[in-house]
Structure formats: C-alpha cells, structure tokens
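>
Protein chains: 2
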Amino acid sequence: MTAVWPRADELGLLTDLYELNMAQAYHLDHRRGEAVFSLFYRVLPGQRNFAVACGQEHAARLISELRFPEEQVRRLAPLGFRDEFLDWLAGFRFSGEVRALPEGSLVFPQEPLLELRAPVAEGQLLESLLMNYVNLETLLASKAARVVLAAGDAPVLDFGMRRMHGLEAAWRSVRAYRVAGIQATSNVLGGLTFDLPLRGTMAHSYIQSFDDETEAFRRYARDYPGTTLLIDTYDALAATDKVIGLVRDEGLDVGALRIDSGDLAALARAVRDKLDGAGLSRIRVVVSGGLDEWKVADLVAGGAPIDGFGVGTEMGSVADAPSLDFAYKLTEYDGRPRLKASPGKPVYPGAKQVWRQYDGEGRLVGDEITAADEERHGEPLLRTVVADGAPVVPPPDPDAARERLRRELASLPAALRGTARADAPYPVSFSDALEDLRKRTLDRLP
Amino acid sequence: MTAVWPRADELGLLTDLYELNMAQAYHLDHRRGEAVFSLFYRVLPGQRNFAVACGQEHAARLISELRFPEEQVRRLAPLGFRDEFLDWLAGFRFSGEVRALPEGSLVFPQEPLLELRAPVAEGQLLESLLMNYVNLETLLASKAARVVLAAGDAPVLDFGMRRMHGLEAAWRSVRAYRVAGIQATSNVLGGLTFDLPLRGTMAHSYIQSFDDETEAFRRYARDYPGTTLLIDTYDALAATDKVIGLVRDEGLDVGALRIDSGDLAALARAVRDKLDGAGLSRIRVVVSGGLDEWKVADLVAGGAPIDGFGVGTEMGSVADAPSLDFAYKLTEYDGRPRLKASPGKPVYPGAKQVWRQYDGEGRLVGDEITAADEERHGEPLLRTVVADGAPVVPPPDPDAARERLRRELASLPAALRGTARADAPYPVSFSDALEDLRKRTLDRLP
Chain A
5 MTAVWPRADE LGLLTDLYEL NMAQAYHLDH RRGEAVFSLF YRVLPGQRNF
55 AVACGQEHAA RLISELRFPE EQVRRLAPLG FRDEFLDWLA GFRFSGEVRA
105 LPEGSLVFPQ EPLLELRAPV AEGQLLESLL MNYVNLETLL ASKAARVVLA
155 AGDAPVLDFG MRRMHGLEAA WRSVRAYRVA GIQATSNVLG GLTFDLPLRG
205 TMAHSYIQSF DDETEAFRRY ARDYPGTTLL IDTYDALAAT DKVIGLVRDE
255 GLDVGALRID SGDLAALARA VRDKLDGAGL SRIRVVVSGG LDEWKVADLV
305 AGGAPIDGFG VGTEMGSVAD APSLDFAYKL TEYDGRPRLK ASPGKPVYPG
355 AKQVWRQYDG EGRLVGDEIT AADEERHGEP LLRTVVADGA PVVPPPDPDA
405 ARERLRRELA SLPAALRGTA RADAPYPVSF SDALEDLRKR TLDRLP
Chain B
5 MTAVWPRADE LGLLTDLYEL NMAQAYHLDH RRGEAVFSLF YRVLPGQRNF
55 AVACGQEHAA RLISELRFPE EQVRRLAPLG FRDEFLDWLA GFRFSGEVRA
105 LPEGSLVFPQ EPLLELRAPV AEGQLLESLL MNYVNLETLL ASKAARVVLA
155 AGDAPVLDFG MRRMHGLEAA WRSVRAYRVA GIQATSNVLG GLTFDLPLRG
205 TMAHSYIQSF DDETEAFRRY ARDYPGTTLL IDTYDALAAT DKVIGLVRDE
255 GLDVGALRID SGDLAALARA VRDKLDGAGL SRIRVVVSGG LDEWKVADLV
305 AGGAPIDGFG VGTEMGSVAD APSLDFAYKL TEYDGRPRLK ASPGKPVYPG
355 AKQVWRQYDG EGRLVGDEIT AADEERHGEP LLRTVVADGA PVVPPPDPDA
405 ARERLRRELA SLPAALRGTA RADAPYPVSF SDALEDLRKR TLDRLP
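Heads up: the protein sequence lines correspond to chains A and B, in order. Per the working numbering, the first sequence starts with residue 5, numbered consecutively. Per the working numbering, the second sequence starts with residue 5, numbered consecutively.
1. Which residue wins for smallest C-alpha separation from Leu17 of chain B, given the options B:Glu75, B:Arg46, B:Glu38 and B:Ser68?
2. Run the CB neighbour count on Glu379 of chain B, radius 10 Å, all protein chains shown included, and call it buried at 16 or more, exposed below.
3. Report the neighbours of Thr19 of chain B on chain A: residues whose CB is nearer than 7 Å to its CB, in chain order.
4. Using a Cβ-Cβ cutoff of 7 Å, what residues of the region 159-191 of chain B are near chain A? List them in chain order.
5. Between B:Leu134, B:Glu172, B:Arg121 and B:Ser132, which lies nearest to Tyr137 of chain A when the distance is taken from Cα to Cα?
6. Looking at Tyr352 of chain B: is its Cβ nearer than 7 Å to the Cβ of Leu438 of chain B?
7. Does the Cβ of Ser42 of chain A have 16 or more other Cβ atoms within 10 Å, making it buried, or fewer, making it exposed?
8. Any idea if Asp371 of chain A is buried or exposed, counting beta-carbon neighbours within 10 angstroms, 16 or more meaning buried?
9. In this structure, how does DSSP classify Asp311 of chain B when only helix, strand and coil are distinguished?
10. Three Cβ pairs or more, each shorter than 8 Å: is that satisfied between the region 155-172 of chain B and the region 117-130 of chain B?
11. Relative to the C-alpha of Ala154 of chain B, which candidate in B:Val396, B:Tyr430, B:Lys299 and B:Leu386 has its C-alpha closest?
12. Starting from Gln128 of chain A, find everything on chain B with Cβ-Cβ shorter than 8 Å and list it in chain order.
13. Does any residue of chain B have a CB that is nearer than 7 Å to the CB of Gly316 of chain A?
14. Is the beta carbon of Gly320 of chain A sitting closer than 7 Å to the one on Arg203 of chain A?
15. Rounded to whole angstroms, what's the CA-CA distance from Leu409 of chain A to Ser109 of chain A? Just pull it up for me.
16. Show which residues of chain B have a CB atom less than 7 Å away from the CB atom of Gly204 of chain A.
17. How is Phe96 of chain B classed by DSSP in three states: helix, strand or coil?
18. Taking the beta strand (DSSP E) that Tyr332 of chain A belongs to, which residues open and close that run?
19. Please name the residue, chosen from B:Val396, B:Ala220 and B:Gly293, that lies closest to Glu101 of chain B on a Cα-to-Cα basis.
20. If contacts are defined as beta-carbon pairs under 8 Å, then Val8 of chain B and Leu66 of chain A qualify, I think. What distance do you get, rounded to the angstrom?
21. Under 7 Å between C-beta atoms, does Asp227 of chain B make it to chain A?
22. Between which two residues does the beta strand (DSSP E) carrying Asp162 of chain B extend?
23. Apply the 10 Å Cβ neighbour rule to His34 of chain B and answer buried if 16 or more other Cβ atoms are within range, or exposed otherwise.
24. Excluding the 5 residues flanking Gln212 of chain A on each side, which residues of the same chain have their C-beta closer than 8 Å to its C-beta?
25. Is Pro341 of chain B buried or exposed, if buried means 16 or more other CB atoms sit within 10 Å of its CB?
26. I need the boundaries of the alpha helix (DSSP H) containing Glu407 of chain A, first residue and last residue.
27. Do three or more CB pairs link the region 141-150 of chain B to the region 182-190 of chain B at distances below 8 Å?
28. Please check the pair Ile287 of chain B and Ala270 of chain B, which I expect to be a contact at CB under 8 Å, by giving their CB distance rounded to whole angstroms.
29. By DSSP, does Asp371 of chain B sit in helix, in strand, or in coil?
30. Which residues in chain B have a C-beta closer than 7 Å to the C-beta of Ser321 of chain A? List them in chain order.
31. Could you give the distance in angstroms between the alpha-carbon of Leu303 of chain A and the alpha-carbon of Asp324 of chain A?
32. Just to make sure I have the definition right: I need the residues of chain B whose C-beta is within less than 7 Å of the C-beta of Lys344 of chain A. Which are they?
33. Less than 7 Å between the C-beta atoms of Phe72 of chain B and Phe89 of chain B, yes or no?
34. Report the CB separation of Leu441 of chain B from Glu412 of chain B in whole angstroms; it is logged as a contact under 8 Å.
35. Could you spell out where the beta strand (DSSP E) holding Val291 of chain A opens and where it closes?
36. Kindly confirm or deny that the region 381-391 of chain A and the region 356-364 of chain A touch, where touching means at least three C-beta pairs closer than 8 Å.
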C-alpha cells in the first residue's frame, strides 16, 4: 500500500536533525540542568487582531506519550549518533512539566501558549513536534474565528478539504473549526472523528452529467428530500425558475439553493426575490466560491439575503497569513534566566503567567504577563496539564474550548472583532518584575 | 495514544460528503455511464511563471489501492446512506483508467495534471482525495523550484518542518523538495523516508544554555567535528572572532558558520572577510531566517559570499500562494463532451493530450493541448499510469522527476525562470479540434 502517513511508531523521528544533535550534545556532556522553554508568537500578521490558541493541550498529551521504539532508533545509527545516546533515546519518556493555555483562548503576541519545564535535552528534543503541531490548529482556528465573526448570525460551513495542505491538515482542521465556531463541515472523516455536523450537496459535475438540468434537480431532490441544489452550472436565475416549477408542480422537497460563482450579492437577492415571489420563503439561499472573512463581511454589511456561507480555499489554506512566527525559546536553564539578543524582537526570560483581566461588566480590558510566581487579580491562563511526564487533566474538551472562545470574543472590544486591524491593539503588558529580570539578564549577556 | 493521523483504513472516508451523496445518486439511478474527469488549474498566482506537477502519479496509485472496509462503511449508515449503496462501497475497487503527467513536469494553466476515465460514480467519489493529495506536493514543489532557481549554484536546505501545515505536510514535503532540487533537509523522518540528505546544526537555545558562548562553540564542535556553528545569538562578528580563535588556537574543526538574523548580505560579507583574513577560507558561510526566493535572489544578485541558504517558513507555508485554483471537472459523460458555463473561466470538454514542443536547440517553445486522439510533433505528456484499475507503470522515481524538472527548467526561456512574472507567459494553445468541440458543446448547453 502506498504510504499516506508515517507510521505511528515513526512519530519521534519526525523532527529536525538539530534537535537530535543538541540532545545528544547535552547528553554526552552531562548537561542535565532543568530548562524552561516557552512557545509564543511575536507579531500578528496582516489585519489580524488576535489568534486563537488551539492544539497545545493535545500536543502536551502527545509528548507525554512519545516513545522511540528500538526499531526506529536503529535508523539513526547510520547518521553517526553514538550508542550511548541511542540507548537514552530508546528509553525516552518525557519526565517534565507542561503548562498551557486552555484551548480556545485568545492569545496575543508574546503570550506563551505553552511552557515546558524539563531536563534540557528533553525540552529541546520536543521542539519541532510541538511547534508543528500547535502551528496547524492555531492557524486554522484563528482564521476560522474571523470568518465566523464576519458571518454574524449566519452559519459558516467548511468546504476546504481539497485545498488544505495534505490529508492530515484536512482531517485535523475539523477539530480546530469546531473550536472556532464553524457550524458544519463537508469533511466526512473529520466530522465523524471530531463530532461536527456534516453537510454536503452536489457539484457542478452532477448537473453536467445530465443533458437536462431540470432532470438533474428532479432526480437529486427525489434521492435527497430537503437537499441543497447547486444552481449556477449554466444560469442561476433560469435554474431558480426550474426549481420553482418543480416544487410547485411536482411537490419536490428542496431545502436550499446554492450559488457558487458570479456576483453573489446580486444573485442571492434575485434568487431570494424569485423564491419569495413564488411563496417559497422556506427555501434558503446559501453561497460559496472564493469567500473569505472580508467578502463575507461585505455580503453581510450589504444586507444580502444569505442563509449560510460555504468557505473553502481561503480559510483552509489560511491565505492571508499561512504562518505565524512561532518561537520556542529557552528562557531559563539550570535556575538562571536566559535570553537571546534580538534587536527589535524583545524576549523575556523565565517562566511566566498570563493574567486576563475583565472590568466590572465582564469586558476584557487587557492581559498582564508576569513571572510565574507573581500573583494578580484576573484569570491566570497557563495551567499545568502535564506533571512528572503524565497528564494531570482530562483531554481537552472541544465544546468547552468553543464556549471559552465564544465568551472571550464576546467580551472583546468591538473593533478587535472586525476584519480590519484595529487602531489600538489589545493591551498586553509585562510586569515590572519581568522587565527588571529582562534588564538584569541582558546586562549579563556575553 | 492520542491520534496523530487517521488510521489507514479510514482513508476512503476522508472525502467531502457530497462525493458520497453524488456517488449514491448515480448508483441508485443506475447512471453507470463512463465519465472523464480532468484535474487542472486555471490561473498562475502572483509572480509565478510555472507550476511543477508533483504527487499525481502517487495519487493515481493510491486510488488504485483504495478500499472501504466494512467497519468504516458502517460509520456512514447513521448519515442516511442506503444499504444498497453501502454494499457497493464495501466492494469498491477502482476499475478505470488514469493518465497523468510525469512527476517533475512543468505544468501550465489549463493543462491536465491527471485525467481519469471511469464509471461516473467512481470518478466522482475520488475527487476530494485526488485534489487534496496533488495540491500539497504541487504547491510545495512549485515554490521550492523557484527558491532553487533563485539560489543559482548555492545549495538550498529545507528548514521548514515547524511551519508547515501539520506533520504529514512536513513529512511529504521532503518528497516534493527532492523533486524540486532542494539539496538537503533538516527533517529527519522525511529525509530517511524519501532519501534526501539530512542537515542540521544547532539552535540559539544551545548557545544560551551556556554562560559563555565560546564554551558552547568548543563543546559542540568537539562533539560534531566539521559542524556548522550558529553565530548570531548575541553578536555575529564577535562570535566569528571567537570561532577563529578556537580554530587557530585549539585546532577546532568547524565546517561552516550560520547567520540567522540581521542584514544577511552585510554580515555574510563581514564574516567572510574575517574568515579569509584569518586564512580560514575553507569555513563556509550559510544564512537563514525569513528567506524566500526574492530575498535569496537579492543576496545572489548582490554578490553576497554565501555558500548555502536555509529556507523554512516562506517555502514551507508557500507564503505567496498557499493554494492553487485546482479544478476537477467532468469533461465527458456517456460518450458526450461536457462543460460548465463559466464566464471568464474557459473550460474545454473531452479527454486531452498535452504536447510539449522544443526547437532545434532543445529550447522549450510552447505546449499545445489537443483532444486525446490527435497527433502532434513534440512530447506527449499524459501517459497511462493506471489501467483497468491497476498500475501499469512502476512507482514514480523521484530522481527521474528531479532530472526531468531540471531539464525542463533549463530549456525554459530565462524570463520564465526568474522570480518576477514574465511579460509574456509560456505559450499554451488549444488545438482547432478542441476549440471546435468547445463551441459545439457550448451551443448545446441548456
């Protein structure tokens, strides 16, 4: 069988070579000090006002389960790794602690999504896997949340499988989309695995396979009472008339019409008017085709009579920002704070906490990033999910994550919920203690 | 264990719901006519002059092996599918023909990467899987080929694992990168699986874990003679002096220095001068950090003394064009040509052939897309890879694909090999017979 995914026992080898090189160097040099690594991003891209943290609790569980089977470790021997290190790898079991934001949290630049405390070789070894894993779901959830906000009360349906970067991305996207508030997906396995309702109707090819469009509609709606018919294969308005005739004359049960091309606002209005004029207000109008959050927002702002948005390519490929500049930085080693000199890229040393602060009316007013041992009013977001190498909380619950996101977005100033970059970013400050620690650490740099 | 990928036997369910709906409709209505589906893209995005076809031969093998195990089929029953259809699915075995471009071929708008001829329900059922599978590798190979061209004689190394869209994308990217001419990868499992050399050195975190940068360099180069040292953790020029001292005074064996931030051109020049001044011309200088084809081309054009480019985020997330507008269109059903009316998006009916034409000096002069049964001079690119549901050629050979791409790129007009959109696109024409067929088919549309 042509391999589609790596085998599960190969997961540990899906890493960057330098992680293994560094882990071996630490091991051979007996550098066993405890390290703190922090996973965060620095800059919001483009028009973004927030990101949605997703995948980090799953990633933490994953590393608690990560092993390097003997058979896999042997594949590294020809690369020059020493037996002593390979033996260590074969016995690898994460022994450290992971603190993470709850999934579905809004996350702003500089805020750790995840912090790991472990012997340095362990923390280093896990870098590539953690970064890749968190990157995908955070990208997808962040983008989808914008589309959901833009759609207002209308549901957003995921149609993006074909344009995502591979099959795993398509599958796992559905988990992120559930957190983001997407209402349904066309992705069968994704929906079944991650418990999101499935939706799907017909493609142009089905219509094309008939010599007569009316016959195609008739057959499909008989096979699927209440289905959505795709009306833009030849002429959306002529097709609407055909559907109206079928419903009126033959009692065909049609739930919705979908328009996938052309001037969606004008077509939706014209189709709606035809349906209403025929007394078929119960038939919904849904649109798709090249939609993103800006186009959805324009359609909503223009009052187009649209009952649902099918969104694919732009959301699935995260077209406006297909990467976030995630960093996984060593911030403490052997009890001492650590920094890289990064002109223009401030990094703060040490283990941290993020405090999310609300006013008396429950509106979000800002976050403060403090050292891990400081106390503040507000909600401390980083919580321990893995201790002594084992999960200490249940697996993340997508419904809880979705509800958290919904609640946090509703509490956000309106300008930050829009599709454009707000004039003022969400306020994130660093505690005086962290600023002091940063200065003292910088002063000590070589 | 936390699931990272779907199980292999779940692959068939990784599809869009409407594919199953349509397949069932065809089945229930006894519409068993043979269909031709064509996979192509319409528009080159942004500054692109070509795409590199990759993944389509693998995808064809994959569908020849696709099965729907009983256990998986049963998961569809609650969605309302009928037993008659589920039985058909449980016995599914692709029975048709697939013709595909050789992997590593340049592919231009409107040219089929793959054509499938099969009973319509089969061809429809496979749409989402084929599109997703080919999308990823074609995106990655197309982007990477641009970076390789920009780098000229200097090798390009893939550092992108952490920023790709998931673990499968990171793994499978290495296959596409091998085709594209990338010289090495940091991705261990990808390199081992797809036989691309592995490269990797050290991260800033390793340096940071030491109180003294010199000691970090000393230890690492002792552990890894000939290694590449990362010199921009604090100050690249001061670090260069430290390395020179270690090499001269202690005989440390260092192969290269890597600069990952700052003004790469100026730093590379300054580091090169210091090394040359110390008689260490043998130590190479490599750069990384936010590189894409434009930045690489600028560095090369400016004569920066750089011996290798490590490229990650931009290449791995295909930042300038994270999707191609692939379409999978029904072009023939039951012996009759088919079209969708697509204003501004011309589609041609029927099965096709792509003829690649060279002049007497071996330079590419243009392609002609003809009906499948026409004959031309030139190289016919679509060849049968699956017949009667079974592969009829060996699995695609990445070395042959890489060589084909190298040869085709070398034969391309220079303007089309650059980073900017050329004034004149690569010439692709349609045969008179296809134009006629299109007109006749349009005239017959409902």
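Heads up, the beta-carbon is just placed ideally off N, CA and C, and yes, glycines get one too. Just so it is clear, the structure is predicted and the values come from calculations on it, not from any experiment.
To lay it out plainly:
1. Taking the first residue of the second sequence as 1, we reach residue 17 of chain B at position 13. Of B:Glu75, B:Arg46, B:Glu38 and B:Ser68, the residue nearest in Cα terms is B:Glu75.
2. In the second sequence, the residue the question calls residue 379 of chain B occupies position 375. By the 10 Å Cβ count, Glu379 of chain B comes out exposed.
3. Within the second sequence, residue 19 of chain B is the residue found at index 15, counting from 1. Those are Val192, listed as they occur along chain A.
4. Met165, Arg166, Arg167, Met168, His169, Gly170, Leu171, Glu172, Ala173, Ala174, Trp175, Arg176, Ser190 and Asn191
5. Counting from one through the first sequence, the residue named residue 137 of chain A turns up at place 133. Checked all of B:Leu134, B:Glu172, B:Arg121 and B:Ser132; the closest Cα to Tyr137 of chain A is B:Glu172.
6. Residue mapping note: residue 352 of chain B aligns to position 348 of the second sequence, counting from 1. Residue mapping note: residue 438 of chain B aligns to position 434 of the second sequence, counting from 1. In contact: Tyr352 of chain B and Leu438 of chain B (Cβ atoms closer than 7 Å).
7. Within the first sequence, residue 42 of chain A is the residue found at index 38, counting from 1. Label assigned to Ser42 of chain A: buried.
8. Locating residue 371 of chain A in the first sequence gives position 367, where the first residue counts as 1. Asp371 of chain A comes out buried.
9. Taking the first residue of the second sequence as 1, we reach residue 311 of chain B at position 307. If DSSP states are grouped into helix, strand and coil, Asp311 of chain B belongs with coil.
10. Because the criterion of three Cβ pairs below 8 Å is not met, the region 155-172 of chain B and the region 117-130 of chain B do not touch.
11. As a position in the second sequence, residue 154 of chain B is number 150, starting the count at 1. Of the listed residues, the one whose Cα sits closest to Ala154 of chain B is B:Lys299.
12. Counted from its first residue, the first sequence places residue 128 of chain A at position 124. Going along chain B in sequence order, the residues near Gln128 of chain A (Cβ under 8 Å) are Ala207, Ser209 and Tyr210.
13. Translated into positions along the first sequence, residue 316 of chain A becomes position 312. By this cut-off, Gly316 of chain A is not an interface position.
14. Position 316 of the first sequence holds residue 320 of chain A. Position 199 of the first sequence holds residue 203 of chain A. With respect to Arg203 of chain A, Gly320 of chain A sits apart: the two C-beta atoms are not nearer than 7 Å.
15. Reading the first sequence from its first residue, position 405 is the one you call residue 409 of chain A. Reading the first sequence from its first residue, position 105 is the one you call residue 109 of chain A. Rounded to the nearest angstrom, the two C-alpha atoms are 6 Å apart.
16. Mapped onto the first sequence, residue 204 of chain A falls at position 200. Those within 7 Å of Gly204 of chain A in chain B are Asp20, Leu21, Tyr22 and Asn25.
17. Residue 96 of chain B sits at position 92 when you count from the first residue of the second sequence. Coil.
18. Looking up residue 332 of chain A in the first sequence gives position 328. Start and end: Phe330 to Tyr337.
19. If you number the second sequence from 1, residue 101 of chain B lands on position 97. Among B:Val396, B:Ala220 and B:Gly293, the Cα nearest to that of Glu101 of chain B belongs to B:Val396.
20. Taking the second sequence and counting its residues from 1, one reaches residue 8 of chain B at position 4. Taking the first sequence and counting its residues from 1, one reaches residue 66 of chain A at position 62. Correct: roughly 7 Å between the Cβ atoms.
21. Taking the first residue of the second sequence as 1, we reach residue 227 of chain B at position 223. Chain A, which has a Cβ nearer than 7 Å to the Cβ of Asp227 of chain B, makes this yes.
22. The residue you call residue 162 of chain B lines up with position 158 of the second sequence. Its beta strand (DSSP E) spans residues Val160 to Asp162.
23. Residue mapping note: residue 34 of chain B aligns to position 30 of the second sequence, counting from 1. Exposed.
24. Start at 1 with the first residue of the first sequence, and residue 212 of chain A comes out as number 208. Excluding positions up to five away in sequence, the list reads Thr237.
25. Within the second sequence, the letter at position 337 stands for residue 341 of chain B. Buried.
26. Taking the first sequence and counting its residues from 1, the one referred to as residue 407 of chain A is at position 403. Per DSSP, Glu407 of chain A belongs to the alpha helix (DSSP H) from Pro402 to Ala414.
27. In this structure the region 141-150 of chain B lies against the region 182-190 of chain B, because at least three pairs of beta carbons, one per stretch, are closer than 8 Å.
28. Taking the first residue of the second sequence as position 1, residue 287 of chain B is located at position 283. Taking the first residue of the second sequence as position 1, residue 270 of chain B is located at position 266. About 18 Å separates the two Cβ atoms, so there is no contact after all.
29. Position 367 of the second sequence, counted from the start, is the residue given in the question as residue 371 of chain B. Looking at Asp371 of chain B - three-state DSSP - the assignment turns out to be strand.
30. To locate residue 321 of chain A, count along the first sequence from 1; it is residue 317. Result: Pro326 and Ser327.
31. Residue mapping note: residue 303 of chain A aligns to position 299 of the first sequence, counting from 1. Residue mapping note: residue 324 of chain A aligns to position 320 of the first sequence, counting from 1. Cα to Cα, the separation comes out at about 19 Å.
32. For the purposes of this step, residue 344 of chain A is taken as residue 340 along the first sequence, with counting starting at 1. Ordered by position in chain B, the residues that pass the 7 Å Cβ test against Lys344 of chain A are His208, Gln212 and Thr237.
33. Locating residue 72 of chain B in the second sequence gives position 68, counting from the first residue. Locating residue 89 of chain B in the second sequence gives position 85, counting from the first residue. No; because the gap between Cβ atoms is not below 7 Å, this pair is not in contact.
34. Numbered from 1 along the second sequence, position 437 holds the residue referred to as residue 441 of chain B. Numbered from 1 along the second sequence, position 408 holds the residue referred to as residue 412 of chain B. Leu441 of chain B to Glu412 of chain B, Cβ: 28 Å. No contact.
35. Against the first sequence, residue 291 of chain A aligns to sequence position 287. Residues Arg288 to Ser292.
36. yes
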